[in-house]
Amino acid sequence: MRRTTKTYLALAALVMPVLVFAQSEVEREVTWSGEVAAIFQEKCQECHRPNSIAPMSLLTYEEAKLFAPVIRFRVENRVMPPWHVNPQVGIQDFANDRGLSDEERAAILAWVDQGAPEGDASEAPVPLDFNDALVWRLEDQMGSAPDLVVASEPFDLDAVTQDKWFRPSTPTGLTEERWVKAIEIRPKNDASRRVVHHSLAFLVQQEDGKRGLPGDVDVPFGPSLFMEWAVGKAGQIFRPDTGKLMMPGSQIMWEMHLHANGERVPNAQVELGVWFHDEPPEHRTILSMFDAQGPHSLDIPPHEIAVTRGTFVLSAPARIENFQPHMHMRGKAMSMEAIYPNGEREMLSFVDNFQWNWQINYVYEEDAAPIVPKGTVIITTAWHDNTADNPYNPDPNQWVGWGDRTVDEMAHNWVDVTYL
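Structure (structure tokens):
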């Protein structure tokens, strides 16, 4: 792997254009009942409802109208819904797409600009019936309850406190190797659902790195992201004839991001459900960390925008399943490109509006996931904004290096790679 670093003074150094949305030009009347309510049901209400993580409910017209100016600002600036991949470059077909189309975005902006009219209430869609029971959402699709359930240790969260990150480890209890068909994480109780912003589960295990892989594959192994939970994400069913390997003696290392909501929660907890293949699948999926810059060389000067870039050469043909940037408070943008053995270079995905408190996994549709040949170079490029223009920057006067704290930085890309 080869890494290079350059520092630039402005985001104008980006070779790819950043999309800017103009004033809405929709001339027809747009109403809540006729159009906007349906958009909110599909893209907003999973979070924006009582007993969920969002700060306000948007279930009814009265609730939405009250927040219309805020909605307009966040929609126009692509802050909400949290889907930050650039819609003009790279792959655009995602299995978990929660973003707004250009038409949906224009309709919401026009609705606010027209005074947020309700329209004919009889035309409004039937309100959604949210199932808040603690059930495994993949159970119906899988035809059974999980084969294995692993729970984190509970965390005692004060009613009023800063955000907390809790990182315990839990043995899986496996005594033989098993191949994973599907995974889901969920909060373990109702109180946890109200305070867990997101949770990551890392799989820690000892292996030689060759099980279930083509003979010439060279993959760096270590703790790897196994699954994550965030509001609106149910879990992951791996593609047919693929899966992940769990070894005997493995552990789950958790990272829980907890956000206080005014009530003490003495037992904030998440749990992981795993469904296994009956027989080993044909192909193994490896979750790989593609660095834009490693822990020992990430160095971001004060008052500058830093650009870092890293490369990884695939040692066998593979399918790239997803794109999940990971940075902290100064993270601004990240891209993933491929250089093929014939010299052709292709942009796969570009998040140009990274939001550090949303760790979004952009999962490609099966027909859109690129299949690449042996020798393909994956390039990960990260932009960090350490200037006063970054509203999330805690101190633009500081040099910033790699670290676990949100005031430190990281620059990597979690990618599921299925070796073929």
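Here the sequence shown stands for residues 1 to 420, where the numbers follow the numbering used here.
Using N, Cα and C, we set each Cβ at its ideal position, and we do this for glycine too.
Owing to the predicted nature of the structure, the values given are computational and were not obtained by experimental measurement.
Inter-residue spacing [alpha-carbon to alpha-carbon] between residue i and residue j
i    : j    : result
K188 : T161 : 21 angstroms
I91  : F323 : 10 angstroms
E104 : A159 : 37 angstroms
P280 : A182 : 13 angstroms
A368 : R264 : 45 angstroms
S152 : Q205 : 17 angstroms
E118 : N393 : 39 angstroms
I108 : E207 : 51 angstroms
V196 : E344 : 43 angstroms
N353 : H84  : 5 angstroms
S250 : R193 : 27 angstroms
R72  : H257 : 28 angstroms
A116 : S101 : 20 angstroms
V126 : N261 : 30 angstroms
A201 : N413 : 16 angstroms
T308 : V400 : 13 angstroms
I305 : F130 : 43 angstroms
L138 : V180 : 14 angstroms
F166 : E27  : 50 angstroms
Q398 : A37  : 45 angstroms
Q141 : H303 : 50 angstroms
S169 : R178 : 20 angstroms
M334 : M289 : 14 angstroms
Q114 : V149 : 50 angstroms
E255 : R319 : 28 angstroms
D278 : D147 : 11 angstroms
S431 : E35  : It is not possible to answer for residue 431, since the shown part of the chain is limited to 1 through 420.
K244 : F67  : 44 angstroms
G143 : P69  : 45 angstroms
P301 : M56  : 38 angstroms
G331 : D120 : 44 angstroms
A106 : I39  : 12 angstroms
Residue nearest to residue i in terms of C-alpha spacing, selected from the options
i    : options                   : result
V313 : P171, T418, I379 and E123 : I379
W111 : Y61, M327, N77 and D129   : Y61
P396 : W402, V407 and G119       : V407
D190 : P87, Q269, L298 and F202  : Q269
L252 : V274, L348 and V415       : A small fix is needed here, since residue 252 is Ile in this sequence, not Leu. Among V274, L348 and V415, the Cα nearest to that of I252 is on V274.
V89  : E271, E366 and V351       : V351
M227 : K65, D416 and N261        : D416
W136 : L100, W165, I185 and A121 : I185
N96  : W414, V79, E365 and H384  : E365
I53  : H259, L420, G403 and V363 : H259
V372 : D140, R167 and N342       : N342
G310 : A382, E63, G375 and P82   : A382
H328 : A338, A106, L298 and I339 : L298
E346 : T376, L59 and A318        : T376
R49  : E42, S335 and L58         : L58
L134 : S169, L272 and K164       : L272
T242 : E321, P82, V70 and P154   : E321
H283 : L225, R330 and R239       : R239
S224 : F276, L287 and P214       : L287
D291 : P154, E337, A64 and P301  : E337
M246 : V217, W229 and R211       : R211
R74  : L348, H296 and C44        : C44
P214 : P154, P317 and F276       : P317
W402 : N51, K65, Q41 and H296    : H296
S421 : L420, F155, E46 and F94   : As shown, the chain starts at 1 and ends at 420. That puts residue 421 outside it, with no answer to give.
Status (buried if at least 16 other CB within 10 Å, exposed otherwise) for residue i
i    : result
Q293 : buried
A124 : buried
R405 : exposed
N267 : exposed
Q236 : buried
N77  : exposed
A421 : Missing from the structure shown is residue 421; the chain here goes from 1 to 420 and no further.
M410 : buried
M80  : buried
P385 : According to the sequence displayed, residue 385 carries Asp and not Pro. By the neighbour-count rule (16 or more Cβ atoms within 10 Å), D385 is buried.
G99  : buried
N86  : buried
D163 : exposed
N326 : For the sequence presented, residue 326 should be read as His rather than Asn. Buried, because 16 or more other Cβ atoms sit within 10 Å of the Cβ of H326.
S199 : buried
P248 : exposed
L128 : exposed
Below-7 angstroms beta-carbon distance, residue i vs any chain D residue
i    : result
L109 : Reference to chain D is not applicable here, since this structure consists of a single protein chain.
Subject >> In chain order, each alpha helix (DSSP H) run of at least 4 residues that lies wholly inside the segment 101–175 >> reply: 102–113 and 139–142
Original post:
Any chance the segment 380–390 sits against the segment 358–370, with 3 or more Cβ pairs inside 8 angstroms?
Top reply: no
Original post:
Is there contact between the segment 30–39 and the segment 165–182, where contact requires at least three CB pairs shorter than 8 angstroms?
Top reply: no
Subject >> 3-residue-minimum beta strand (DSSP E) runs that sit fully inside the segment 260–309, ordered along the chain >> reply: 265–268, 270–276 and 283–291
**OP:** Report the residue ranges of all alpha helix (DSSP H) runs contained in full by the segment 50–87; include only those spanning at least 4 residues, in chain order.
**Re:** 61–66 and 68–76
**OP:** Can you check the segment 352–400 for any beta strand (DSSP E) of at least 3 residues that lies completely inside it and give the ranges in chain order?
**Re:** 377–385
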